[in-house]
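Read the structure below first, then the notes.
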Ligand code: HBI
Ligand code: FE
């Protein structure tokens, strides 16, 4: 009896982009004619499910962005329409891409207030998990916060820092900042800890786990510590970092001189394991480590 993996379609990114032509900056016009009724149905299902689980869990700034931008519940959004509202809000534009693009091209887009959004959507049999980003993760997860002026400044500062990090051979360190903030960040608010990271925002189960499970560590944001910390790309996070404000994140990322000092200070140190706690940490919650193994951190 062959299990389903034997019939797993070829890499979905390749399959979805068959016949499409990418520009030199890896962008393409959003192929609106390629969305099927199933795509819009899957979008509707994902949207409804996340809206239910994010009540009381997503930060207010995310919810404000989601309602301010034309991100409809029942159809994959039209990027050109969304760009009118997003441009008016913070000068950002989203650009359609085929999937993950090279780091330096990605940073170049961010530094110029262009956010790359994968145009295709996962299929019904992948509704719970997809390794690579699709339009639901990129657009629903990342784009609403780009309507927030401070967060919008942060993402552009990240892009600028990325272009500078390349020449300092520090991309692997800076990628950890993206991972532990833009993808899996939590924020302290007067109402309690809330989600702002897109990797959590677009995942039903991790939206609950990140805030309510006893298993992961929750540690106060510390730039140098994050730049030294490895992460996992295939399971829930072992550690979440909690910022006190988007202003803090922006200020820490805009200071390129300080970032270079951190790169040099930690470059030859042993990276910190994804589940480790170190003496300088401000520990908000020390996770229980049942069943963890350090070996599979990246
Ligand atoms: N490409 N389309 C896309 N989306 C991403 O989020 C992305 C990427 N390329 C590289 C990348 N992210 C990370 O390595 C960043 O840390 C650079
Ligand atoms: Fe992402």
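Numbering (this note's numbering), first residue to last: -2 to 295. We put the CB at the ideal spot given by N, CA and C, even for glycine.
Using three-state DSSP, classify residue i as helix, strand or coil.
i	result
residue 72	coil
residue 82	helix
residue 298	Because the chain here runs from -2 to 295, residue 298 falls outside it and cannot be looked at.
residue 55	strand
residue 87	helix
residue 167	coil
residue 24	strand
residue 18	coil
residue 248	helix
residue 205	helix
residue 262	helix
residue 275	coil
residue 9	helix
On the DSSP letters alone, give me the boundaries of the alpha helix (DSSP H) that residue i sits inside.
i	result
residue 146	146 to 163
residue 196	195 to 198
residue 133	No alpha helix (DSSP H) contains residue 133, which DSSP labels as neither H nor E.
residue 180	Taken as a continuous stretch (DSSP letters only), residue 180 belongs to no alpha helix (DSSP H), as it is neither H nor E.
Buried or exposed: residue i, going by 16 or more other Cβ atoms within 10 Å of its Cβ?
i	result
residue 207	buried
residue 85	exposed
residue 173	buried
residue 30	exposed
residue 24	buried
residue 276	exposed
residue 235	buried
residue 153	buried
residue 279	exposed
residue 90	buried
residue 213	buried
residue 199	buried
residue 166	exposed
residue 3	Bear in mind that a pLDDT of 42 at residue 3, under 50, signals an unreliable position, so the model cannot answer this.
residue 145	buried
residue 18	exposed
residue 141	buried
residue 126	exposed
residue 269	buried
First and last residue of the beta strand (DSSP E) that includes residue i?
i	result
residue 112	111 to 115
residue 214	214 to 217
residue 185	183 to 186
residue 280	280 to 282
Closest to residue i by C-alpha separation, out of the options, would be which residue?
i	options	result
residue 239	107, 128, 276, 190	190
residue 155	98, 62, 178, 210	178
residue 231	129, 157, 95	129
residue 113	22, 211, 246, 150	22
residue 69	242, 13, 48, 89	48
residue 103	163, 75, 148, 83	163
residue 253	265, 151, 14, 204	151
residue 120	183, 37, 286, 214	37
residue 209	285, 158, 273	285
residue 132	274, 60, 28	28
At a cut-off of 7 angstroms, would you count residue i as near the ligand HEM, judging by its Cβ distance to the nearest heavy atom?
i	result
residue 97	What this structure holds is the ligand HBI and the ligand FE, not the ligand HEM.
In chain order, each beta strand (DSSP E) run of at least 3 residues that lies wholly inside the stretch 219 to 246
Here the runs fully enclosed are 236 to 240.
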